[in-house]
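Asker: Dropping the structure in here first, questions after.
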Amino acid sequence: MDFRLSEEQEFFKQTVADTVDRLIMPKVEEIDRTDEFPWDLWREFTGLGYLGMRYPEDIGGMDADPVTCMLFYEELARASVGFAQSVTMNMLMGTYFLFRFGDDAIKERCLLPALRGEKVATICFTEDQSGSDIGATRTNAKKVDGGWVINGTKNWITNGPLADFATVLATTDPTKGAKGLNFFLVEKGTPGFSPGQVMHKLGCRGTVTGELVFEDVFVPDQNLLGEEVGKGVIYLTEILNEVRCMTGALAIGVARTALADAVEYAQKRVAFGRTIGEYQLIREKFARIAVEMEASRLMVYSAAWKIGEGQNPRNEAMMAKYHATEMCLMAVDEVTRIYGANGFAEEYGPQRYFRDARFLLYGGGTHEVLKNFLGKEVLAGRWRS
Amino acid sequence: MRIVVLAKEVPDLEAQVRVVNGGAALEVEKRRGLNFFDEIAVEQAVQLKQAQGASVLAVSAGAGTGVEALRRALAMGAETVLLVDDPALDGADPLTVARALAAAARREGFDLVLAGKQATDDEAGLVGPMVAELLGVPCVTGVTALEMEGDVLRVSREVEGGRETLRVSLPAVLTVEKGLAEPRVPAVMGVMKAMKAQISRVTLEELGAVTFPPLVLVGYSGAPARPPVTMLEGEPATVAADLARLLREKAKVL
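These protein sequence lines are chains A and B, in that order.
Letter by letter, the first sequence follows residues 1 to 385 in the numbering used here.
Letter by letter, the second sequence follows residues 1001 to 1254 in the numbering used here.
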């Protein structure tokens, strides 16, 4: 058992950390304050070429293994979960099905520009009555001569209102629930495809999240992203483990920044003649954050390593997402308490970490859904300690 | 034009450093990278490569260290790197390091050697000028501007109250100061190249570099703890009177 990163991975992590510190960190407060998508930062950062890192080199990628990708996601979230979500949308969910099933023209027109940051990608799952319950998807695609006609409304779409193209989950057979779903590519400018309301969020400000509306949107046959009708959910499972580990890595990133700020604060802030870091109840908070963070890191990176080894660590990826996100929520909460009333002030970072971290609860499955599934797995003997 | 950049690997500026073993050694957190000023040298070299078609070789010297620094140089655009890796370089003094680097530059060939004006760990600022002396070429330190004028360089450096501009014929050694060039954020192509690169290594013996320990480390001592701060409160006139009294009686500076 060897838990070390390779020398190359160490170098990569340090390089990304430096890049994040120089380009993103100085802008995060302004992004949060203005709640505007940071186009200049987007162009500058995506221009470096990281967006394709998990894809093969011949399409501009790095062919990076999942562990290396997690290092990237973690460093990104150290600065901003919101910006990380916009970036990772182009890196993974928003482009994967184009890479996997798109024809050459689709790859040329959408995938490659998205990996260069020239186009913004998104993926649409959520609707007003479906989220984790993916089988309840009501957006539908009807077969017509030469293609499909899509109708429905999607919400909570990260990058949605900005997106140049969207991978849309729609049912092709409403009687089959989760077994009647497929992914379709819909490009900006297609008649009937329009952005709806923009959501006003508690955190992750600057990331534009909103509705996408499909009214009799015709797409040609080649925009069905998948070889077989009704297999959408099966294709989705190809990246679901990675998505869940990624959310865990983002959670670790946020918690690291919160912890680093709190360490500095606790060593400076004086109460009753001593720095607050000298009080046991404050130290207990640091101990708990450190312990849970260490556990989260082991879980996220071990699950990611298994993905890279070609295994299907479905349960471990769920556990990693669940544990790391809960760790993060606990950590950002404790850090606001370490800051006392200053944790409630916009002039300090903790309130932002506290707000941003909440968004990690939902992607990759709510914890209620994940725990229900995991409990069932344990009871069915499919997971053993 | 062939440019050799001297690239030292140093502890990260935020790495924790403690004096241990009663002053006999330093315990340094293992976060290492390319020296801040050497990064500027690499950037300048890469800009010359892009503008003049120069070739850039980054050289580091260490005992099992230097790989991180050289990978950073590769990521930024250096074409090749060389690590002088030898146990004799463990904690070596500036002259030993300069002999190693000068021998490497001589073997590899150079028109211009660029180095940071100092390293952020020991801040000695000796290696660049020593390499110039060992190579028998001119040296300008603390360069803040540089341009090619035919086959000579026009360089500037900050001096008290102004700026000094010099023409330097090649080959030469320049040490660079903050302000000369803004180090780039490496793009992924460079990062990939750096990750995959096999780092060429050479020993002091292979370079024929003569070393001996002309300096012997006696020990370290930490900076003295800062004396406690006294805050004076009250009406301005009272505070001023108290301050004057403390400066006279306690600090004894009045």
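Even for Gly, the Cβ is constructed at its ideal location relative to N, Cα and C.
1) Please report the distance separating the alpha-carbon of H367(A) from that of N151(A).
2) Could you name the residues of the same chain whose beta carbon sits closer than 6 Å to that of I239(A), not counting the 5 residues immediately before and after it, in chain order?
3) Taking V1084(B) as the reference, which of T1203(B), S1221(B), D1121(B) has the closest Cα?
4) Does the Cβ-Cβ distance between E1009(B) and G1066(B) come in under 8 Å?
5) Can you confirm whether P1228(B), when its beta carbon is compared against all beta carbons of chain A, has any partner nearer than 8 Å?
6) Whose Cβ in chain A lies nearer than 8 Å to the Cβ of V1185(B)?
7) Quick one: what's got a C-beta closer than 8 Å to M293(A)'s C-beta in the same chain, skipping five residues either side?
8) Rounded to the nearest angstrom, how far is the Cβ of I134(A) from that of V233(A), given a contact under 8 Å?
9) Taking S130(A) as the reference, give the member of T171(A), A114(A), F214(A) with the closest Cα.
10) Would you identify the three-state DSSP class for V229(A), choosing helix, strand or coil?
11) According to DSSP, is Q351(A) helix, strand or coil?
12) Using beta carbons (cut-off 8 Å, strictly below), is M1231(B) in contact with chain A?
13) Quick one: is M148(A) buried, meaning 16 or more other Cβ sit within 10 Å of its Cβ, or exposed?
14) Listing by chain order, which chain A residues have their CB less than 7 Å from the CB of R1071(B)?
15) Using three-state DSSP, classify G340(A) as helix, strand or coil.
16) What separation, rounded to the nearest whole angstrom, lies between the Cα atoms of A996(B) and G365(A)?
17) Pull out every residue of the segment 1013-1036 of chain B whose Cβ sits closer than 7 Å to any Cβ of chain A, in chain order.
18) Among R205(A), G206(A), G210(A), L329(A), which one has its Cα closest to the Cα of M199(A)?
19) Interface residues of chain A around E1068(B) at Cβ under 9 Å?
20) Do you know whose CA, among Q222(A), A163(A), I157(A), lies nearest G117(A)'s CA?
21) Which of the residues in the segment 1171-1202 of chain B, read from start to end, lie with their CB under 7 Å from any CB of chain A?
22) Taking only the alpha-carbon atoms, compute the straight-line gap between L1089(B) and D1121(B) and give it to the nearest angstrom.
23) Taking the C-alpha atoms as reference points, what is the distance between Y235(A) and V28(A)?
24) Determine the DSSP secondary structure at Q1198(B), reduced to helix, strand or coil.
25) With a threshold of 7 Å (Cβ to nearest heavy atom), would R1031(B) be considered close to the ligand GDP?
26) In whole angstroms, give me the CA-to-CA distance for E1043(B) and V1176(B).
27) Give the straight-line distance between the Cα atoms of E316(A) and K13(A), rounded to the nearest whole angstrom.
28) Is there a Cβ from chain A that is less than 8 Å from the Cβ of A1251(B)?
29) Identify every run of the alpha helix (DSSP H) within the segment 1163-1200 of chain B, keeping only runs that are complete inside it and at least 4 residues long; order them along the chain.
30) Kindly indicate which residue of F1036(B), V1017(B), V1046(B) has the alpha-carbon position closest to the one of S1221(B).
31) Between the segment 1094-1102 of chain B and the segment 1124-1131 of chain B, can you find at least three pairs of beta-carbon atoms closer than 8 Å?
32) Report the neighbours of M89(A) on chain B: residues whose CB is nearer than 8 Å to its CB, in chain order.
33) Go through the segment 1073-1150 of chain B residue by residue and report every complete run of the alpha helix (DSSP H) that reaches 4 residues or more, in order.
34) Whose CA, out of D173(A), I157(A), P174(A), lies closest to the CA of T167(A)?
35) Are the beta-carbon atoms of R100(A) and V20(A) separated by less than 8 Å?
36) Step through the CB atoms of chain A and report whether any lies within less than 8 Å of the CB of A1075(B).
Answerer: Inspection of the coordinates gives the following:
1) Taking C-alpha positions only, H367(A) is separated from N151(A) by approximately 30 Å.
2) Contacts found: Y96.
3) Nearest C-alpha to V1084(B): T1203(B).
4) With contacts defined by Cβ atoms closer than 8 Å, E1009(B) and G1066(B) form a contacting pair.
5) No Cβ of chain A is located within less than 8 Å of the beta carbon of P1228(B).
6) Near V1185(B) (Cβ distances below 8 Å), the residues of chain A are D18, T19, R22, L23, L48.
7) Excluding the 5 residues flanking it on each side, M293(A) has same chain C-beta neighbours closer than 8 Å at I252, A255, R256, L259, M327, A331, in chain order.
8) At roughly 7 Å, the Cβ-Cβ gap stays under 8 Å, so I134(A) and V233(A) are in contact.
9) Among T171(A), A114(A), F214(A), the Cα nearest to that of S130(A) belongs to T171(A).
10) Three-state DSSP puts V229(A) in coil, outside helix and strand.
11) Helix.
12) At a cut-off of 8 Å, the C-beta of M1231(B) has no neighbouring C-beta in chain A.
13) According to the sequence displayed, residue 148(A) carries Trp and not Met. W148(A) counts as buried, since at least 16 other C-beta atoms from the protein chains shown sit within 10 angstroms of its C-beta.
14) Going along chain A in sequence order, the residues near R1071(B) (Cβ under 7 Å) are F11.
15) G340(A) falls in the helix class under three-state DSSP.
16) With chain B covering only 1001 through 1254, there is no way to say anything about residue 996(B).
17) For the segment 1013-1036 of chain B, the residues whose beta carbon sits under 7 Å from a beta carbon of chain A are, in order, G1033.
18) Closest option to M199(A), Cα to Cα, is G210(A).
19) Going along chain A in sequence order, the residues near E1068(B) (Cβ under 9 Å) are E7, E10, F11, Q14.
20) Closest by alpha carbon: A163(A).
21) Per Cβ criterion, the list reads V1185, P1186, A1187, V1188, M1189, V1191, M1192, A1194, M1195.
22) If I take the Cα positions, the gap works out to 16 Å.
23) Cα to Cα, the separation comes out at about 35 Å.
24) DSSP, read as helix, strand or coil, puts Q1198(B) in coil.
25) With respect to small molecules bound, the structure shown includes none, and the ligand GDP cannot be examined in it.
26) If I take the Cα positions, the gap works out to 11 Å.
27) Using only the alpha carbons, I get a separation of about 23 Å.
28) It does not; no Cβ of chain A falls within 8 Å.
29) Listed in chain order, they are 1188-1196.
30) Nearest option by C-alpha distance: V1017(B).
31) Yes, since at least three Cβ pairs between the segment 1124-1131 of chain B and the segment 1094-1102 of chain B fall closer than 8 Å, the two stretches touch.
32) Simply none; closest approach about 18 Å.
33) Within the segment 1073-1150 of chain B, the complete alpha helix (DSSP H) segments of 4 residues or longer fall at 1094-1108, 1127-1135, listed in chain order.
34) The residue with the shortest Cα to Cα distance from T167(A) is I157(A).
35) No, they are not a contact pair.
36) Using beta-carbon distances, A1075(B) counts as an interface residue toward chain A, with a partner under 8 Å.
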